[in-house]
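All letters in the sequence shown, in the order written, are residues 1 to 105 by my numbering.
The next block holds one structure in the form of structure tokens; read it before the comments.
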Amino acid sequence: MKHTKEDIQKIIAEYVGGPTEKIKSRPSLQTYKESAKMVATGERKLKRLRLSAADRRHLSVLREAMSELRQALEAGAQANEIKHKRKMNNAVRLANDYTRRTDGK
């Protein structure tokens, strides 16, 4: 079974959007830990998708963005603000890069 871009969007909504909202609503070290685990699960699901060559294009940028987000959340769980901010900025930059590259395709 082939997956599509919609499957990518579902994973992003559930495993990136969900943890982000959870942290905004109740920030705590435990929330950061839980969110990092959710993003890691999303990374694994994203890697297992069977996509066409066109849908797979630039996916490595998105996977790198999720990795940076997970690392940022792990740093947040350890109360390492400097690393958290640096990794979060990298994640946002990579996510924007992925969006820019795939926009309209």
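We treat Cβ as the ideally placed atom computed from N, Cα and C, and that holds for glycine.
Q | Extent of the continuous alpha helix (DSSP H) to which K33 belongs | A | Taking the sequence shown and counting its residues from 1, one reaches residue 33 at position 33. Segment 29-48, the alpha helix (DSSP H) holding K33.
(Q) Using the Cβ count rule (16 or more neighbours within 10 Å means buried), how would you classify L29? (A) In the sequence shown, residue 29 corresponds to position 29, counting from 1. Answer is exposed; the Cβ neighbour count stays below 16.
Q.
I need the boundaries of the alpha helix (DSSP H) containing Y15, first residue and last residue.
A. Locating residue 15 in the sequence shown gives position 15, where the first residue counts as 1. Taken as a continuous stretch (DSSP letters only), Y15 belongs to no alpha helix (DSSP H), as it is neither H nor E.
Q) Rounded to a whole number of angstroms, what is the C-alpha to C-alpha distance between T99 and L73? A) Here residue 99 corresponds to residue number 99 of the sequence shown, with the count starting at 1. Here residue 73 corresponds to residue number 73 of the sequence shown, with the count starting at 1. Computed Cα separation, rounded: 21 Å.
Q) For H84, does the three-state DSSP call read helix, strand or coil? A) As a working mapping, residue 84 is identified with position 84 in the sequence shown. Looking at H84 - three-state DSSP - the assignment turns out to be helix.
Q: Could you tell me whether the Cβ atoms of G18 and M38 are closer together than 8 Å?
A: Taking the first residue of the sequence shown as 1, we reach residue 18 at position 18. Taking the first residue of the sequence shown as 1, we reach residue 38 at position 38. Yes, the pair counts as a contact, with Cβ atoms nearer than the cut-off.
Q.
Assuming K83 and A75 are in contact, meaning their beta carbons sit under 8 Å apart, how far apart are those beta carbons, in whole angstroms?
A. The sequence position of residue 83 within the sequence shown is 83, counting from 1. The sequence position of residue 75 within the sequence shown is 75, counting from 1. Yes, they are in contact, since the Cβ atoms of K83 and A75 sit about 4 Å apart, within 8 Å.
Q: Report the residue from L59, Q78, K33 whose alpha carbon sits nearest the alpha carbon of I12.
A: Position 12 of the sequence shown, counting from 1, holds the residue named residue 12. Ranking the options by Cα distance to I12, first place goes to L59.
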